[in-house]
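Participant:
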Amino acid sequence: MGIFLFLLKLCSDLISRRVGTLFYFAQRQGSARDRDGAWRELETSLKRLQTNYLDLWQFHALTHDWDLDTILSKGGAIRAAIEAKKQGLIRSVGITGHHNPEIIVKGLSRYAFDTALVPINAADTLEQLEKNIRVAQQFKPLLSDELAMIEQLY
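Residue numbers (this note's numbering): 25 to 178.
#1: Going along the chain, which residues of its own chain have a beta-carbon closer than 6 Å to the beta-carbon of residue 176, five neighbours each way excluded?
#2: Given that a residue counts as buried once 16 or more other Cβ atoms are within 10 Å of its Cβ, and exposed if not, what is residue 108?
#3: Please state whether the Cβ-Cβ distance between residue 140 and residue 119 is less than 7 Å.
#4: Can you grab the Cα-Cα spacing for the pair residue 173 / residue 167, in whole Å?
#5: In the DSSP assignment, find the unbroken alpha helix (DSSP H) run with residue 108 in it and report its ends.
#6: Could you give the residue range of the beta strand (DSSP E) that holds residue 142?
#7: Using the three-state DSSP reduction, which class does residue 133 fall into: helix, strand or coil?
#8: Could you tell me whether the stretch 127-134 touches the stretch 82-94, where touching means 3 or more Cβ pairs closer than 8 Å?
#9: Between residue 71 and residue 65, what straight-line distance do the alpha-carbon atoms span, to the nearest angstrom?
#10: In whole angstroms, give me the CA-to-CA distance for residue 84 and residue 121.
#11: Would you list the residues sitting across from residue 58 in a DSSP beta bridge?
#12: In this structure, how does DSSP classify residue 66 when only helix, strand and coil are distinguished?
#13: Express the C-alpha separation of residue 63 and residue 75 in angstroms, rounding to a whole number.
#14: Report the option in 154, 60 and 156 whose CA atom is closest to the CA atom of residue 98.
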């Protein structure tokens with residue numbers, strides 16, 4: 025067993041003792057961005073986390089237009105997310121990116137994702153940081169009524 029699987033098992037054991045007090049999330053980072061591949065990854069995440077649902081499932085590390093095109097296509101990973109949401113396996117679906125924050129903006133214009141993560145990383149170049157900050161500044165904060173509605177979901 026590799027170190028990653030060992031740590032995942034250790035975390036799963038610790039998590040299973042605290043059910044009901046945790047926010048469960050998983051990021052899909054595999055190369056499969058199709059519906060069936062995403063579904064298999066979701067099942068694996070649920071099994072490894074020893075839970076029957078995720079609060080948030082994220083499509084991680086979007087970089088190129090083809091990432092979005094593939095995920096949002098007729099047979100894309102978004103289909104797995106829509107099905108999983110209907111079945112109560114996930115509550116929210118989001119997108120993340122590292123090196124091309126504009127792809128997050130494009131993604132949000134093409135699909136009503138519940139969350140978006142734009143990283144601000146001190147290890148990035150100054151140019152990359154400035155680009156990420158410009159994109160993050162385009163997001164408006166939630167109103168208190170909106171926050172209250174979200175809190176009631178959990």
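The C-beta atom is built at its ideal place from N, Cα and C for all residues, glycine as well.
Facilitator: Walking through what the data contain:
#1: Looking up residue 176 in the sequence shown gives position 152. Excluding residues within five positions, none has a Cβ falling inside 6 Å.
#2: For this step, residue 108 is matched to residue 84 along the sequence shown. By the 10 Å Cβ count, residue 108 comes out buried.
#3: As a first step, residue 140 must be located in the sequence shown, where it is residue number 116. As a first step, residue 119 must be located in the sequence shown, where it is residue number 95. Yes; because the gap between Cβ atoms is below 7 Å, this pair is in contact.
#4: Counting from one through the sequence shown, the residue named residue 173 turns up at place 149. Counting from one through the sequence shown, the residue named residue 167 turns up at place 143. Between residue 173 and residue 167, the C-alpha separation is close to 10 Å.
#5: Your numbering for residue 108 matches position 84 in the sequence shown. Under the DSSP assignment, residue 108 falls in the alpha helix (DSSP H) whose first and last residues are 101-110.
#6: On the sequence shown, position 118 is the one that residue 142 refers to. Looking at the DSSP string, residue 142 is not in any beta strand (DSSP E), and its letter there is neither H nor E.
#7: If you number the sequence shown from 1, residue 133 lands on position 109. Helix, per DSSP.
#8: Segments in contact, yes.
#9: Taking the first residue of the sequence shown as 1, we reach residue 71 at position 47. Taking the first residue of the sequence shown as 1, we reach residue 65 at position 41. Near 10 Å, if we compare the C-alpha coordinates of residue 65 and residue 71.
#10: Taking the first residue of the sequence shown as position 1, residue 84 is located at position 60. Taking the first residue of the sequence shown as position 1, residue 121 is located at position 97. Distance between the alpha carbons of residue 84 and residue 121: 6 Å.
#11: In the sequence shown, the residue the question calls residue 58 occupies position 34. Paired residues: 100.
#12: Along the sequence shown, one-based indexing puts residue 66 at 42. In this structure, DSSP gives residue 66 a helical state, which the three-state scheme calls helix.
#13: Here residue 75 refers to the residue found at position 51 when the sequence shown is read from its first residue. Here residue 63 refers to the residue found at position 39 when the sequence shown is read from its first residue. Rounded to whole angstroms, the gap between the alpha carbons of residue 75 and residue 63 is 15 Å.
#14: In the sequence shown, residue 98 corresponds to position 74, counting from 1. The residue with the shortest Cα to Cα distance from residue 98 is 60.
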